[in-house]
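Residue numbers (my numbering), protein chains in the order written: chain S, 6 to 128; chain D, 9 to 245. Yeah, the Cβ is synthetic: ideal placement off N, Cα and C, and Gly gets one too.
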Amino acid sequence: MGGTLRVIILFIGLSAVVAVFYLLVRRKINERNSLFWLCGALAILVFSTMPDTLDIMAVLAGVKYPPTLLFLLSILVIMFILLYQSIQISALQEKVKELTQRLAIEQMDRVRTEGEGEEYDRI
Amino acid sequence: MRDCLIIIPAYNEERNIKKVLSGLKKSHHSLDILVVNDGSTDNTEAIAVAEKARVLSLPFNLGYGGALQAGFKYAVLEGYRYVIQFDGDGQHDPEDVKTILELLELGNDIVIGSRFLGRGSFKAGILKKTAINIFRLIIKASTGVKVTDPSSGLQGLSRRAFSYYSRMGHFPHDYPDADVLIQMILAGFKVVEFPAEIRAREAGRSMHAGLRPVFYFIKMLISILVVLLRSRFKAKG
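Dropping the structure here:
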């Protein structure tokens with residue numbers, strides 16, 4: 006890996022760490038969700054400062070062309086993050102639905118007990 | 009304990025809801041009616057209020073299943089014995105409510121008004137027919153119960169059934185179909201069908217239009233598979 010490229014990748018890794026911490030400080034992301042991204046940023050830093058790590062890992066895994074191992078690992082991490090987020094979105098959807106229904110029922114009850122609405126017909 | 013609540017989920021049904029409500033009022037004086045206004049952007053709510061129905065208004069559109077489930081929650085809190093879900097688009101015949109009540113009184117948990125048992129003028133396209141036939145087969149094979157119209161919106165439910173549906177995570181967002189029925193039959197709920205009179209929509213657009221059916225069919229197959237897997241795991245431990 007050339008010197009310029011290493012500097013660029015190092016810069017990207019550092020920016021990622023700074024970005025995640027910035028988001029944490031501004032409360033735009035919570036600590037739990039920031040962990041994945043910090044790990045990702047850390048991985049970039051490791052590979053840029055110690056490029057040999059990738060080559061060693063590739064040899065150990067029997068991969069002939071080391072960058073493909075990097076791609077494989079990156080895609081796996083991204084897929085994991087996406088799956089995790091889908092799980093969270095599903096849970097949130099269920100909770101929002103539950104809250105919406107309860108809120109609507111409470112509101113209806115309040116209108117009735119405050120006497121704003123007249124007694125409903127039994128039809 | 010109060011007797012029976014008719015739940016009408018309504019999303020932008022200003023052109024149909026008045027007729028539906030007056031039709032129900034005409035033939036059923038002693039039943040309570042709840043219109044669940046599912047975030048309509050038209051005058052559905054105002055018309056239902058003017059017709060003196062109870063109206064449960066959701067702050068935004070939750071979808072058919074979400075609206076129905078809100079109605080079930082209400083029915084649980086208010087202590088109803090039965091609920092009848094009735095469409096707000098004028099497809100269902102108020103006269104069928106009587107039959108549903110009789111069948112619920114006999115101890116059935118889920119009473120389905122079927123479009124395919126002789127009465128009614130409902131015509132389905134070839135694709136829809138094939139899809140329904142596949143779902144029928146799956147229901148029969150997995151539960152041994154014959155259900156001809158698993159997606160019917162005209163259903164009566166016992167308190168045991170709608171209490172179960174009312175709990176968080178126990179009812180789908182969109183359309184309850186063969187998946188929900190299989191789950192209920194396997195859990196020991198008694199399901200029965202009767203021939204219902206289902207008319208064509210009077211106004212507005214059906215909710216099963218466009219390219220969605222294909223996506224819906226695949227989603228339903230997966231959903232059924234999940235229900236079967238879930239019951240298998242439960243049985244084992």
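- Item | Segment limits, beta strand (DSSP E) that includes D:E59 | Looking at the DSSP string, D:E59 is not in any beta strand (DSSP E), and its letter there is neither H nor E.
- Task: Please name the residue in S:R32, S:F52, S:V25, S:R31 whose C-alpha comes closest to that of S:L43.
- Result: S:V25
- Message: If we define contact as Cβ-Cβ less than 7 Å, is D:M176 a contact residue for chain S?
- Response: yes
- Item | Min CB distance S:T105 to chain D below 7 Å | yes
- State yes or no: is the beta carbon of S:M113 nearer than 7 Å to at least one beta carbon in chain D? yes
- Assuming D:A61 contacts D:N45 under a Cβ cut-off of 8 Å, what Cβ separation, rounded to an integer in Å, is found between them? Not really, about 10 Å apart at Cβ, beyond 8 Å.
- Query: Based on Cα-Cα distance, which residue from D:L39, D:E53, D:I41 lies nearest to D:R23?
  - Reply: D:E53
- Task: Using a cut-off of 8 Å between C-beta atoms, extract the partners of S:L108 located in chain D.
- Result: P67
- Query: Quick check: the segment 65-77 of chain D against the segment 82-92 of chain S, are there 3 or more CB pairs under 8 Å?
  - Reply: no
- Message: So S:K102 contacts chain D; which residues on that side make the cut at Cβ distance below 7 Å?
- Response: L70, G74, H181
- Query: Would S:N35 be called buried (16 or more neighbouring beta carbons within 10 Å of its own) or exposed?
  - Reply: exposed
- Message: Quick test of your reading: D:L13 and D:V84, contact by CB under 8 Å. State the CB separation rounded to the nearest angstrom.
- Response: Between D:V84 and D:L13 the Cβ distance is about 10 Å, and since that is not below 8 Å, they are no contact.
- Measure the alpha-carbon distance for D:G74 versus D:P17 and round it to whole angstroms. 9 Å
- Message: Given this structure, state the Cα-to-Cα distance separating D:M228 from D:D187, to the nearest angstrom.
- Response: 7 Å
- Under 7 Å between the Cβ atoms of D:H200 and D:L111? Here residue 200 of chain D is Val; the residue named in the question, His, does not match the sequence. Taking 7 Å as the Cβ cut-off, D:V200 and D:L111 qualify as a contacting pair.
- Give a yes or no on whether 7 Å exceeds the smallest Cβ distance from D:L64 to chain S. yes
- State yes or no: is the beta carbon of D:A78 nearer than 7 Å to at least one beta carbon in chain S? yes
- Task: Would you kindly check if the distance between the Cβ of D:I118 and the Cβ of D:L76 is under 7 Å?
- Result: no
- Item | Extent of the continuous beta strand (DSSP E) to which D:R168 belongs | Run containing D:R168: none in the beta strand (DSSP E); it sits in the alpha helix (DSSP H), 167-174.
- Query: So, D:G79 versus D:V28, is the Cβ gap smaller than 7 Å?
  - Reply: no
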